[in-house]
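If you're matching them up, the sequences are chains U and H in order. Per our numbering, the very first residue in the first sequence carries number 1; after that it's consecutive. Per our numbering, the very first residue in the second sequence carries number 1001; after that it's consecutive. Even for Gly, the Cβ is constructed at its ideal location relative to N, Cα and C. First up is the structure itself, then whatever we jot down about it.
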Amino acid sequence: GAGVSQSPSNKVTEKGKDVELRCDPISGHTALYWYRQSLGQGLEFLIYFQGNSAPDKSGLPSDRFSAERTGGSVSTLTIQRTQQEDSAVYLCASSPSYEQYFGPGTRLTVT
Amino acid sequence: ILNVEQSPQSLHVQEGDSTNFTCSFPSSNFYALHWYRWETAKSPEALFVMTLNGDEKKKGRISATLNTKEGYSYLYIKGSQPEDSATYLCAFILSGNQFYFGTGTSLTVIP
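Right, dumping it as C-alpha cells:
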C-alpha cells in the first residue's frame, strides 16, 4: 500500500523567505509527527498531531514555525522568514498506535 | 529534556563480524522502546518495538534486548553484511505519543 509521502523532496530557498512542507500520511493513521535532522545531529522532535489537534507543540524551535493538519490527513509545516540554521532534513511520520512510519523527508537548504 | 544516548556514534566492521550497539534511556516512566534502521537516501524503517523488561526480539541476523530497570537496550548484528550499513536509531517512548530519539549509531560494513 501507499506509504507516507512528503513534498517537495528538496527545497532551496533564500534566507527570509517562507516555505511550506507537506506530508501525506498513511490513510487511517491518526497520529502524525514532524521531526528534523540537522547536519550531524539526531532526530529532533518538532510537533505531533492526534487527529487534527496538536497536543504537544513543545518542540517547535521558534514562533516562525507552525504546522496544521486538516481532515485528519495531510499536514503542512510552515517556516516563516527562514534562517540558515533552519537547513535540515524534515521528516514526517504517521502512526496507527505504536510504530511510526516515516516519509522520505524534505531536504531544506536556506542560502 | 529527556536524554536518550546511543553508543558508539559510529562503527566500522569487516563483513562477517558480529557487532552490537547500546541505547541508554531513563528508567522511569518507561512505555516502549523502538529500534529503527535508517539507510542513506531512504526513510527510517522500524526494526523492533519493545515494551517489556527482558524482551528479546529477533529478525534474521539482527536481535535486540531490553532492560527497563537499568535503562538500556542492546542491538546485535550477527555476521554483518554490507547491506547492514545504515544508521541505527533507538526511540524511547514516554507515553503513547511522546517519542525521544537518540542520535543514532552509524554502521559501515566493509566488504
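With C-beta atoms as the reference, is residue i less than 7 Å away from residue j?
i: Leu-28 of chain U; j: Asn-52 of chain U; result: In the sequence as presented, Leu is not what sits at residue 28 of chain U; that position holds Gly. Contact: no.
i: Leu-21 of chain U; j: Tyr-101 of chain U; result: no
i: Tyr-48 of chain U; j: Tyr-35 of chain U; result: no
i: Ala-31 of chain U; j: Ser-75 of chain U; result: no
i: Leu-43 of chain U; j: Phe-1101 of chain H; result: yes
i: Thr-109 of chain U; j: Val-12 of chain U; result: yes
i: Ala-88 of chain U; j: Ser-38 of chain U; result: yes
i: Lys-1042 of chain H; j: Arg-1061 of chain H; result: no
i: Thr-1087 of chain H; j: Ser-1073 of chain H; result: no
i: Gly-1071 of chain H; j: Ser-1027 of chain H; result: yes
i: Thr-111 of chain U; j: Val-19 of chain U; result: no
Taking residue i as part of the beta strand (DSSP E), name the residues at either end of that continuous run.
i: Ala-1086 of chain H; result: 1086-1093
i: Tyr-1072 of chain H; result: 1072-1077
i: Arg-69 of chain U; result: 65-69
i: Phe-1030 of chain H; result: Segment: none, Phe-1030 of chain H is in no beta strand (DSSP E) and carries neither H nor E.
Against residue i, what residues of chain H qualify as contacts under a CB-to-CB distance less than 7 Å, listed in chain order?
i: Tyr-98 of chain U; result: Ala-1032, Val-1049
Whole-angstrom Cβ separation of residue i and residue j, contact assumed at under 8 Å?
i: Phe-1048 of chain H; j: Ala-1032 of chain H; result: Not a contact, Cβ separation roughly 10 Å.
i: Gln-1006 of chain H; j: Thr-1103 of chain H; result: 6 Å
i: Ile-1112 of chain H; j: His-1012 of chain H; result: It is not possible to answer for residue 1112 of chain H, since the shown part of chain H is limited to 1001 through 1111.
Who are the neighbours of residue i on chain H, taking C-beta pairs under 9 Å?
i: Gly-42 of chain U; result: Val-1004, Gln-1006, Leu-1089, Phe-1101, Gly-1102, Thr-1103, Gly-1104
i: Phe-45 of chain U; result: Gln-1098, Phe-1099, Tyr-1100, Phe-1101
Name the chain H residues that come within less than 8 Å of residue i, Cβ to Cβ?
i: Gly-105 of chain U; result: Ser-1043
Along chain U, which residues have their Cβ under 8 Å away from the Cβ of residue i?
i: Ala-1046 of chain H; result: Glu-99, Gln-100, Tyr-101
| request: Note down, in chain order, all residues in the region 54-82 of chain U with a beta-carbon under 9 Å from any beta-carbon belonging to chain B. | output: Going by chain labels, chain B is absent from the structure shown, which instead holds the protein chains U and H.
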